[in-house]
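Report on the structure given below.
Protein chains: 2
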Amino acid sequence: MRIRRNMIRKYKIGNPIETDSVIEAIPEILIDQEKAVIPASGEGGTETIIPASGDSNSKAVIPALGDENSGWIVDKHGKKLTFSMSSHACIYGLGEQVRGINKRGWHYVSFCSDDPHHEEGKTSLYGAHNFFVYDSRDCNDNICFGMYVDTPGRVEFDMGYSDPDEISIIFEDFDAYIYLLKSGHPSGTIMDIVRQFRRIIGRSYIAPMWAFGLGQSRWSYMNADEVRGVADSYDKAGIPLDSIYLDIDYMERYKDFTVNDDAFPDFKEFVAEMSGRGIHLVPIIDAGVKIEEGYDVYEEGVKGNHFVKKENGDLFTAAVWPGRVHFPDFLKEDTRRWFGDKYKVLTEAGIDGFWNDMNEPAIFYSEDGLKKVFEKIDGYKGKNLDIDSFFGFQGSVSGLCNSEEDYGSFYHEYKGQRIRHDKVHNLYGYNMTRAAAEAFDKIAPDKQILMFSRASYIGMHRYAGIWTGDNMSWWSHLLLSIQQLPGLNMCGFLYSGSDMGGFGGDVTEDLLIRWLSFAIFTPLLRDHSAMGTRRQELYRFKDTDMFRNLVELRYALIPYLYAEYLWAADNNEMLFKSLAFEHEEDARAMEVEDELLVGRSIMIAPVYTQNASGRYVYLPEDMKMIRFRGYDDYDEEQMKAGDHYVRAQLGEVLVFIRKGHELPLAMPDMRVRDIDTENIHYIRN
Amino acid sequence: MRIRRNMIRKYKIGNPIETDSVIEAIPEILIDQEKAVIPASGEGGTETIIPASGDSNSKAVIPALGDENSGWIVDKHGKKLTFSMSSHACIYGLGEQVRGINKRGWHYVSFCSDDPHHEEGKTSLYGAHNFFVYDSRDCNDNICFGMYVDTPGRVEFDMGYSDPDEISIIFEDFDAYIYLLKSGHPSGTIMDIVRQFRRIIGRSYIAPMWAFGLGQSRWSYMNADEVRGVADSYDKAGIPLDSIYLDIDYMERYKDFTVNDDAFPDFKEFVAEMSGRGIHLVPIIDAGVKIEEGYDVYEEGVKGNHFVKKENGDLFTAAVWPGRVHFPDFLKEDTRRWFGDKYKVLTEAGIDGFWNDMNEPAIFYSEDGLKKVFEKIDGYKGKNLDIDSFFGFQGSVSGLCNSEEDYGSFYHEYKGQRIRHDKVHNLYGYNMTRAAAEAFDKIAPDKQILMFSRASYIGMHRYAGIWTGDNMSWWSHLLLSIQQLPGLNMCGFLYSGSDMGGFGGDVTEDLLIRWLSFAIFTPLLRDHSAMGTRRQELYRFKDTDMFRNLVELRYALIPYLYAEYLWAADNNEMLFKSLAFEHEEDARAMEVEDELLVGRSIMIAPVYTQNASGRYVYLPEDMKMIRFRGYDDYDEEQMKAGDHYVRAQLGEVLVFIRKGHELPLAMPDMRVRDIDTENIHYIRN
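Protein chains in written order, with numbering that gives the first Met the number 0: chain A, 0 to 684; chain B, 0 to 684.
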């Protein structure tokens, strides 16, 4: 597929910062209220743009593609763009965010944020993914377009929150590239737009096939014997496993690119031992570099001018896991090269998988912030705190984490310019991960490396996957992890998944079973949990057979899932679509928020409520239902399009095969590499 | 209905504290592991009890009524009772708690707690309601029983959380009365058990009919003109309204039983003015009494020995809204009499409605706790805080609120004994509210007074209603407020409702419409929101017509709702039942968590998801569906038992009328008193 340039308009507002997220050149159309409005030249043809008049209320209009009458209002003084929605229009996209697949009715702030307790009232998560599609084609106005707001600082998408019938995009600085995408022809589809967008942002990262195996993680496995014990327990339980994750405690006092030799003596040999068993060890790398005399990464960083600085030129000091750290300036090419090369310490020890964490960057406190709070506390002491003072005191202490003030107090060197961090905040995790990816070609040219990041921005999808960050052992977070996938796929993040079972909080066996029953379809399948919470390894629960059957089913599905994943990457397609993406004329399908098409052949309908033994399913077309209890234990039933209540007891997985399609099932094994892909069993419809 | 005593067994474990929750005398059966097990005498007959042997692992058994083989294991050393559940058994009850109607699969701690952010991972809410019904009658073992754990301190109900097939009740002190209730005959119903339980705890409080009108609240309306403005705006919008709530700012610096004369000059006249317009003002009363020289309530309290004390005899000082306060010892009869009489200041000003708040009691900080934290902070200062110290510092500051240590540091005089607060914590709000109710007979004998409380314990249902405490503008809290009602009704709390639209967080118009569409069926219908959040009065949103239609529908429903409410109170019945309570043999009905039978004639099926224009409904029997858009604008449709997808656009309310029943609809008016109850329109099925 080639780019149809007349499908895409690029508007320039103010003086945008380049983000390297779009890699195809598109001619620009300048939007500037004071000067004039300059239509695009070249292939794009001329736009109908209402020029701005002189008064302060004047507005420039970006016409909505496909409709001359309802356009985008550019309000420079309000620093926002607004658009009138038709009453039943849906909005899809925004990647990793709270709430449902249809983003209408809430507001979302793109500002990469460390917030495990993300309930529906929150507005920011770990990623910043500013692409969405507006679709009102079941209504009278019949409009469908995509919009990508390319700006690396804070931006708010008010999707019918303030006014139920209006989109407002509110900027902190009114500097951005806006890409408007329309479908190729009048009856074009949402997928036309998604494919065009994906084409201009470039091909998604491809993970190795073993990364589709089950991963077991915990903050933290404290030593080699504990890791061995996890592998042994999985083997003993007969539950397939391909990787074990090393959280922060594998390091020597949380120092990047070190290994705690007491806990993991002869690390290289240990990696080889586990590798010999078919288990990949996947260590974490954090963004902050510990301040410690004699620690090579710290000393090189200082010497090489690699750390971010305050306005006065002093190094910015924050605290995360290791205590006081400096943050590498990943936005600087030179620093990326330096930091990327550091991964060599681990790749040379045989490591072929990484997760980059804390790279929003998360900040527990800054040195300056803490000092200020202590000074403030001095002022309170001895006094009779009234209630306002008390809440002020408490708020200033709790507000030390990830504070706006800190994010506005250090600077990057980016493309030759000095830029305050908050203006480019959303590029930080992206460029940390890019640093590693660009290094891997050099330091590990023969290896296909698994890598995923917590923070991200569009563009990073070319370098790595993401996981959806710290979450909780909540049924609502199981549902959220289902609902996030279409938006992530739209933005190019194909290798993804949530912390299965929930990271924080205490899981229950039934929640873990239901979450696993869904997660066996996501590329990243990782059981992860936090220190202090209930142990969450699958072999620790009562019904080991059920867990084994579900993981075996995953391994049987890998040939299908991996093939569809590669197809999606190669064709700018989505691995996970909600029904709306395939059945655009079906008003009922548009509202289905809990079923997903997985690849080209199947649909899934996970159970995500406690104590349920079944659920309602809407079929947009006739399908064959498979009710799996294991890869070789299932019922089949032909079902008509429409509404059904379907039984799905704990341990049962509902898969619906589309007409004319087939679902291949391999013979599972204990490791992905051992799956028998020669003898495939097909279930056909 | 008379009590069938052979349906109820009362077991005594240790030395329980009397709670005054059960008002019918039931002969006791002592459970004591060391001494022996004494069977009940009298009408109860002899129980089959396995006596304890001498070793430390010995157990005494309370037989599960109806089944000799599966009993309750009493484990004194573990301070717990355990019971093996059959695989599909359901558990109903526990009143105000998180999660679904079926409480199975989570653990719940009865300890009245101020926690607005109550997501599904929490274990305690504002009330402590220790009654539940276990029902496994669709399974082989065919058991249905009720249990009431009467103990006023902390107790945990592990309902299949630690082990999916086991109930554990875990005590802090192993002192409790346990009431076991069985249904009257082998094929008896859940409702048999509920009615027996309600009979022994006494008749529920009856609210005046005007309290079924719409109430508008906000923290806070700051002065009389603002209150007038709210009434004016409702009148102007043509939306019926019966009450306006006064949150803490009506008081003079948050002092109970005072009025801020600057903001509300001539309060009595203002109450009369509003009363003349048919608007009841409902002021808040907080538990803590401000420490302030010259403030009569404070001075009388000190003089009269009415405040709780620390172990050393000093008064316990905490801080809430007024800053430093003392807490009245509501557990002391004398103090209840004194405090209850104080309400006279307001009843004499014409007030006939109250809400008692902050009576868990919520504690922002205690004087001693704050001192300790400041000392701790002194130790941190100047040092290079490592991460553990930092989290320790932050945790000690955030932990000042509602701290366990504070609850264990003051004492009550209760029934002639000195008892540490945490041992009787759950009786505090109960007895504050009882103080007021007992006074009303004396100080306002001619008035039917509205009163509801935030904290509660079973027994308090005789004196007042409850609202479900501070919540959030979350769709999940709308669902929770639906799911809490059957449990609340089981425990006698009939006059109840949630903060419609959500107290904390920012509401959206669609959430408010959907919440209202449900709340028009709950006795308490109050729109309440917190300072700093989006304004939430119904007239502030775009679609005023829709809000008016919904509130008018409520007013048209009041004759039905109030009659069914009185019937439920008089007959120990439930106003809100889930389908399981009426259709016990229907396994599908048992799983329905989002439909409620309201009174004897109708079922409701609220929409509680964003962007939905309909929902699935399960009908356990043939019913007639009414799709209301207003009291005089609706469709009717006969529907068969089974599963349906039903359209319900924003503003549409689904009501299902049972066969042979009718729904009366009155002509609404702007005030409850003006509803035309002579000309009732009936929709019949």
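We put the beta carbon where it would ideally sit given N, CA and C, even for glycine.
Small disclaimer: the values here were computed from a predicted structure and weren't measured.
- Ranking Gln637(B), Glu508(B), Gln535(B) and Glu563(B) by CA distance to the CA of Phe520(B) puts Glu563(B) first.
- When Cβ pairs closer than 8 Å are counted between the two stretches, the region 333-340 of chain A is seen not to touch the region 371-381 of chain A, the count staying below three.
- Ranked by Cα distance from Leu549(A), the options Arg626(A), Leu515(A), Gly94(A) and Pro522(A) are led by Leu515(A).
- With contacts defined as CB atoms closer than 9 Å, Tyr233(B) and Pro282(B) fail to qualify as a contacting pair.
- Listed by position along chain A, the residues whose Cβ is nearer than 7 Å to that of Pro163(B) are Glu508, Asp509 and Lys541.
- Under the criterion of beta carbons closer than 8 Å, Ser219(B) and Met530(B) qualify as touching, at roughly 6 Å.
- Contact of Trp320(B) with chain A is assigned, a C-beta pair being separated by under 9 Å.
- Positions of the alpha helix (DSSP H) runs, each at least 4 residues long and wholly inside the region 66-108 of chain B, cannot be given because no such run exists.
- In the DSSP assignment, Met624(A) is bridged to Glu636(A) and Phe655(A).
- DSSP places Lys382(A) outside both helix and strand once states are collapsed to three, so it counts as coil.
- Asp642(A): not part of any alpha helix (DSSP H); member of the beta strand (DSSP E) spanning Gly641 to Arg646, first to last residue.
- Taking 9 Å as the CB threshold, His87(A) lines the interface with chain B.
- Residues Val606 of the same chain have their beta carbon placed closer than 6 Å to that of Arg513(A), with the five preceding and five following residues left out of the count.
- Going by DSSP, Arg525(B) is part of the beta strand (DSSP E) stretching over Leu524 to Asp526.
- The region 109-120 of chain B and the region 209-217 of chain B do not touch, with fewer than 3 CB-CB distances between them shorter than 8 Å.
- For chain B, the residues of the region 105-121 of chain A that bring a beta carbon within less than 8 Å of one of its beta carbons are Trp105, His116, Glu118, Glu119 and Gly120, in chain order.
- Per DSSP, Ala562(B) lies in no beta strand (DSSP E) segment; the continuous alpha helix (DSSP H) that holds it begins and ends at Thr543 to Asp569.
- Taking 9 Å as the cut-off, the beta carbon of Phe517(B) is found no closer than this to the beta carbon of Ile601(B).
- A contact between stretches requires three or more CB pairs, one per stretch, nearer than 8 Å, and the region 560-580 of chain A meets this requirement with the region 476-490 of chain A.
- Among the residues of chain A, none has a CB under 7 Å from the CB of Gly303(B); the nearest is roughly 25 Å distant.
- About 5 Å separates the beta carbon of Thr676(A) from that of Pro558(A), a gap short enough to meet the 8 Å contact definition.
- Membership of Lys343(A) in the alpha helix (DSSP H) is indicated by the continuous run Lys343 to Thr346.
- Shortest Cα-Cα distance from Ala463(B) to any of Ser475(B), His476(B) and Gln447(B) involves Gln447(B).
- Between Asn355(A) and Ile457(A), the gap from beta carbon to beta carbon reaches 9 Å or more.
- The continuous alpha helix (DSSP H) containing Asp421(B) extends over residues His420 to Val423.
- Within the region 615-631 of chain A, contact with chain B at the beta-carbon level (separation under 8 Å) is assigned to Tyr615 and Tyr617.
- Under DSSP, Arg417(A) takes part in a beta bridge, and its partners are Glu412(A).
- From the beta-carbon of Met471(A), the residues of chain B found nearer than 8 Å are Glu118 and Gly120.
- In the three-state DSSP reduction, Arg533(B) falls in the coil class, being neither helix nor strand.
- If you draw a 10 Å sphere on the C-beta of His279(A), you find 16 or more other C-beta atoms in it, and that means buried.
- In the three-state scheme derived from DSSP, where H, G and I count as helix and E and B as strand, Asn430(B) is classed as helix.
- For Pro485(B), the enclosing alpha helix (DSSP H) starts and ends at Trp474 to Met489.
- For Asp356(A), the uninterrupted beta strand (DSSP E) run begins and ends at Gly352 to Asp356, by DSSP.
- When only Cα atoms are considered, Arg8(A) and Leu93(B) end up about 58 Å apart.
- At a cut-off of 9 Å between beta-carbon atoms, Arg534(B) makes no contact with chain A.
- Apart from sequence neighbours up to five positions away, the residues of its chain that approach Glu508(A) with a beta-carbon distance below 8 Å are Phe540, Lys541 and Asp542, ordered along the chain.
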